[in-house]
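Numbering (numbering that gives the first Met the number 0), first residue to last: 0 to 132.
The beta carbon of each residue, even a glycine, is placed where N, CA and C say it ideally should be.
The model shown is predicted, which means the values in this text are computed figures rather than measured ones.
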Amino acid sequence: MTRLGDLLRNFRRKVYAGYIVPNLGKPKKLARIPKRYRSMVEQTDWDKFVTYTQSDEFKDVSNKRKTARSKYVYDHHLGRGGYAYLREKLVQNNELSVDEIPSRALMWRKARENKNGEYKNVDVKDIADKIVN
Numbered sequence: 000m001t002r003l004g005d006l007l008r009n010f011r012r013k014v015y016a017g018y019i020v021p022n023l024g025k026p027k028k029l030a031r032i033p034k035r036y037r038s039m040v041e042q043t044d045w046d047k048f049v050t051y052t053q054s055d056e057f058k059d060v061s062n063k064r065k066t067a068r069s070k071y072v073y074d075h076h077l078g079r080g081g082y083a084y085l086r087e088k089l090v091q092n093n094e095l096s097v098d099e100i101p102s103r104a105l106m107w108r109k110a111r112e113n114k115n116g117e118y119k120n121v122d123v124k125d126i127a128d129k130i131v132n
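The structure is reproduced here in structure tokens:
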């Protein structure tokens with residue numbers, strides 16, 4: 000079920016960014032479902048979605064999340080696989096044994112390294128160095 004929730008959220012995000020935002024201020028265009036989504040979305044659901052994305056509630060939540068995201072300095076480089084895939088990679092590279100539970104510190108550092116083992120910026124490197132020592 001979480002996979003379906005993720006897919007739905009990504010679908011909404013894609014439609015919002017690709018269709019709603021470029022057509023803000025064009026109510027006739029927003030009233031119609033884009034051709035590629037007509038087989039998937041009913042008109043009543045579309046109307047609710049368009050109305051919600053233009054509401055103050057939506058804008059408040061969006062702004063809060065944008066602000067929070069802009070303050071985050073320590074980006075990871077995990078991609079779709081996340082920490083589970085990182086752990087598998089560490090086991091394959093013999094940095095961990097199959098039964099070993101990796102420390103949070105190790106996972107944090109490895110998640111922020113690029114393929115060459117380097118960090119994106121000095122702030123991330125400083126924190127990684129503090130974790131090691």
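- Leaving aside the five residues that flank Val121 on each side, none in its chain has a CB nearer than 8 Å to its CB.
- As the crow flies, the alpha-carbon of Asn132 is around 14 Å from that of Arg103.
- Judged by DSSP secondary structure, Arg8 falls within the alpha helix (DSSP H) whose first and last residues are 1-14.
- For Gly81, the enclosing alpha helix (DSSP H) covers residues 81-91.
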